[in-house]
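The structure under discussion appears below in the form of structure tokens.
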Amino acid sequence: SHNMAFEVFKMGKLGDHLESEAYGWVAHQIKETYNIDPGENEYGYENDIVDVMTEEQVKEIEEYLDTTYKEKLWIEPYANTALTSIVDRWYEENET
Numbered sequence: 001s002h003n004m005a006f007e008v009f010k011m012g013k014l015g016d017h018l019e020s021e022a023y024g025w026v027a028h029q030i031k032e033t034y035n036i037d038p039g040e041n042e043y044g045y046e047n048d049i050v051d052v053m054t055e056e057q058v059k060e061i062e063e064y065l066d067t068t069y070k071e072k073l074w075i076e077p078y079a080n081t082a083l084t085s086i087v088d089r090w091y092e093e094n095e096t
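The sequence shown begins at 1 in the working numbering and counts up by one.
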């Protein structure tokens, strides 16, 4: 068997990093688009975007995801995952 000299280690860790990077990226976009200030919790951390979004905003993002899917428009895969998770978590927390 041929022993490869090069190997990428800790790819799971890289994936986690890219995921959190993309999450921050799309959360920022949501804040800018809808002019949202999530505010901070008692520990001085910014509140999660999911906690301060309205149903209307969530539906617009769903529509965006639907459109990119149906019309095969390119969306960066990590951004797609991040937006999907934001939408899913909003519904879980709001049980509409």
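From the three backbone atoms N, C-alpha and C, an ideal C-beta is built for every residue, glycine too.
Item: Beta-carbon gap between W90 and V58 smaller than 7 angstroms; Value: yes
Item: Delimiting residues of the alpha helix (DSSP H) encompassing V87; Value: P77 to N94
Item: Alpha-carbon to alpha-carbon, I86 and N94; Value: 12 angstroms
Item: Contacts around E62, its chain only, beta-carbon distance under 8 angstroms, and the 5 residues preceding and following it disregarded; Value: V87
Item: Exposed unless 16 or more other CB atoms sit within 10 angstroms - verdict on A27; Value: buried
Item: Where E32 falls: helix, strand or coil (DSSP); Value: helix
Item: Touch test, the segment 74-86 against the segment 11-24, Cβ-Cβ under 8 angstroms, three pairs minimum; Value: yes
Item: Residues that DSSP places opposite E46 in a beta bridge; Value: E40
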